[in-house]
Structures are given as C-alpha cells and as structure tokens.
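**Q** If you scroll down you'll find the structure; I have some questions about it.
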Amino acid sequence: GEDVEQSLFLSVREGDSSVINCTYTDSSSTYLYWYKQEPGAGLQLLTYIFSNMDMKQDQRLTVLLNKKDKHLSLRIADTQTGDSAIYFCAESIGGNTPLVFGKGTRLSVIA
Amino acid sequence: DGGITQSPKYLFRKEGQNVTLSCEQNLNHDAMYWYRQDPGQGLRLIYYSQIVNDFQKGDIAEGYSVSREKKESFPLTVTSAQKNPTAFYLCASSTRGEVAKNIQYFGAGTRLSVL
Chain S
1 GEDVEQSLFL SVREGDSSVI NCTYTDSSST YLYWYKQEPG AGLQLLTYIF
51 SNMDMKQDQR LTVLLNKKDK HLSLRIADTQ TGDSAIYFCA ESIGGNTPLV
101 FGKGTRLSVI A
Chain W
1001 DGGITQSPKY LFRKEGQNVT LSCEQNLNHD AMYWYRQDPG QGLRLIYYSQ
1051 IVNDFQKGDI AEGYSVSREK KESFPLTVTS AQKNPTAFYL CASSTRGEVA
1101 KNIQYFGAGT RLSVL
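Chains S and W, in that order, are what the protein sequence lines are.
Residues in the first sequence are numbered from 1 upward in steps of one, following our numbering.
Residues in the second sequence are numbered from 1001 upward in steps of one, following our numbering.
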C-alpha cells in the first residue's frame, strides 16, 4: 500500500538551514514532490525529483533521495521568516493518477 | 493568466442543505481532483476525474458527488449526507506525459463551514 510519513513540526532560527524529512512506501513511485502551503492558501509546487536521481538543487532548496531507504528530504538554506509554512511531501506512480500526500510538516522560523 | 479558480472562497451550509463548490481550469489539463484538508490530517482525496464524463471515488467519497461534463470544470457537491463537512476544500488538475511529470496544480481553496 501507499503511505507517506512526515514529522508534524519543525522550528528553526532565521538564517539556519531547515531539513524536512519524508518516508514513503511505494517502490514504484516515479516522481516525488515537495509542496508549500501558506496559511489559508492552496498548495504551491516547490520542487520535484525523478526516482532515478539522488539529488536536485534549485537555489536555496536541495532535495535528497535515498531510494533504498525510501527516504526523501528537503533542505532550505538560509531559512527566512517567509519560509514559515506547511510543507507536504507527495509521491506519484505516474500517468494522471492521484498523488499520495504526507500530513505535512509545519515549519516555524524564529527571528 | 492560466490557472485554477475555485469559488467561493468561503461558504456556509445550513443543516440538511446541499452546497456546490466550483472548480474551473484553463490549463487544458485532462485530470482534475478534489481534496479535503482538516487540521493535522493532511490532504485526503474525495474524487478524481481523468477524462470528461468519467470520475472515480477517492478515499472519502461518502457524502459527496461530482460531475465532469466539460474538460475545464469539475464541481463538487457536498450533500446533506456528509455529517461533518467543515473543512478546507482544494481542487487540483494535472496532465499526463513525460514533460508534465504528473505535477498537480492547485486552486486557492474553499473554506466550508456549517451554520
């Protein structure tokens, strides 16, 4: 079965790095995604990684994928107060099938 | 601008009433989805549609109904059978293919409350 697990809360100081972790169970996942949700808003795609990649970097964001352990992480460098939000990990087996989302990690950035 | 529009932003339902949430997209996407979000529960799939005139139940379809008569529209009706409808409802769409990478794009959401 499909399941995506994330820790629910993370608190960091402004300027530090944040690392949000996620584990998934479906070995047939083709893409894994990170979405960001600000209060009262929809989800915004931050980045994604194809399952045959180990790492992807996009400005302040670094995604690491350990396919053997089915572990995905999102690192945000130089975390700012504007990064405070809920971050969702999601997996896809491809096509137009629904994504499977984790419950989200609420990131709080302390000034 | 291309995107997904959900309306209304806020909706109130009286006891025993059916209400309909609108979702329209101009991205020419084939698939559309409805999710329900409760605090601490993440996103739960209600219904999805991969093509016009066809849709499938998600994990929590009871008390909800949908239609997909046009590619760009996927309205969700919350019926009186849904006893706990208070939640934030999110609509999304996607299109297939290597380039598209099955990325789902989301609307801004509708917050439904019970009077």
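A virtual CB, placed ideally from N, CA and C, is assigned to each residue, including glycine.
By Cβ distance below 6 Å, which residues in the same chain neighbour Asp1038(W) in space, the five residues on each side in sequence not counted?
**A** Within the second sequence, the letter at position 38 stands for residue 1038(W). Answer for Asp1038(W): Ala1087, listed in chain order.
**Q** Checking 8 Å against the spacing of the C-beta atoms, do Leu107(S) and Leu10(S) come in under that value?
**A** Numbered from 1 along the first sequence, position 107 holds the residue referred to as residue 107(S). Numbered from 1 along the first sequence, position 10 holds the residue referred to as residue 10(S). Against a cut-off of 8 Å, the Cβ pair of Leu10(S) and Leu107(S) comes out as a contact.
**Q** In chain W, which residues lie less than 8 Å from Tyr48(S) when you measure between Cβ atoms?
**A** The residue labelled residue 48(S) in the question sits at position 48 within the first sequence. The answer, in chain order, is Lys1101 and Ile1103.
**Q** If I measure Cβ to Cβ from Asp69(S) and keep anything under 8 Å in the same chain, skipping five residues before and after, which residues do I get?
**A** In the first sequence, counting from the first residue as 1, residue 69(S) sits at position 69. Here the set comprises Thr23.
**Q** Across which residues does DSSP place Ala1092(W) in a beta bridge pair?
**A** For this step, residue 1092(W) is matched to residue 92 along the second sequence. Ala1092(W) pairs with Tyr1033(W) and Phe1106(W).
**Q** Does any C-beta atom of chain W lie closer than 8 Å to the C-beta of Gly15(S)?
**A** Working through the first sequence from its first residue, we reach residue 15(S) at position 15. Chain W contact via Cβ: absent.
**Q** Can you find a C-beta in chain S that's less than 8 Å from the C-beta of Asp1030(W)?
**A** As a position in the second sequence, residue 1030(W) is number 30, starting the count at 1. Chain S contact via Cβ: present.
**Q** With a cut-off of 8 Å, does the C-beta of Phe1106(W) fall near any C-beta of chain S?
**A** What you label residue 1106(W) is simply residue 106 of the second sequence in a count that begins at 1. Yes, Phe1106(W) lies at the interface with chain S (some Cβ there is under 8 Å from its Cβ).
**Q** Going along the chain, which residues of its own chain have a beta-carbon closer than 6 Å to the beta-carbon of Gly1012(W), five neighbours each way excluded?
**A** Translated into positions along the second sequence, residue 1012(W) becomes position 12. Note on residue identity: the sequence assigns Phe, not Gly, to residue 1012(W). Correct list, in chain order: Ser1113 and Leu1115.
**Q** Give me the Cα-Cα distance between Thr79(S) and Ile86(S), rounded to the nearest whole angstrom.
**A** As a working note, residue 79(S) is residue 79 in the first sequence. As a working note, residue 86(S) is residue 86 in the first sequence. Approximately 14 Å between the Cα atoms of the pair.
**Q** Pull up the DSSP beta-bridge partners for Asn21(S), would you.
**A** The residue labelled residue 21(S) in the question sits at position 21 within the first sequence. Ser73(S), per the DSSP bridge assignment.
**Q** If the cut-off is 9 Å on Cβ atoms, which residues from the region 28 to 52 of chain S count as contacting chain W, listed in chain order?
**A** So the list reads Thr30, Tyr31, Tyr33, Tyr35, Gln37, Gly40, Ala41, Gly42, Leu43, Gln44, Leu45, Tyr48 and Phe50, given in the order they occur along the chain.
**Q** CA-CA distance, Gln1017(W) and Pro1075(W)?
**A** Within the second sequence, residue 1017(W) is the residue found at index 17, counting from 1. Within the second sequence, residue 1075(W) is the residue found at index 75, counting from 1. Spanning the two alpha carbons is a distance of roughly 16 Å.
**Q** Taking only beta carbons into account, state which residues of the region 1013 to 1026 of chain W come closer than 8 Å to chain S, listed in chain order.
**A** Listed by position along the chain: nothing, the set is empty.
**Q** On the CB-based measure, 16 or more other CB atoms within 10 Å of its CB, does Ile110(S) come out buried or exposed?
**A** Locating residue 110(S) in the first sequence gives position 110, where the first residue counts as 1. When all chains shown are included, Ile110(S) counts as exposed.
**Q** In terms of DSSP beta bridges, what is Leu107(S) paired with?
**A** For the purposes of this step, residue 107(S) is taken as the residue at position 107 of the first sequence. DSSP output for Leu107(S) lists Leu10(S) and Ala85(S) as bridge partner(s).
**Q** Using a Cβ-Cβ cut-off of 8 Å, state whether Gly1063(W) counts as contacting chain S.
**A** Along the second sequence, one-based indexing puts residue 1063(W) at 63. Chain S contact via Cβ: absent.
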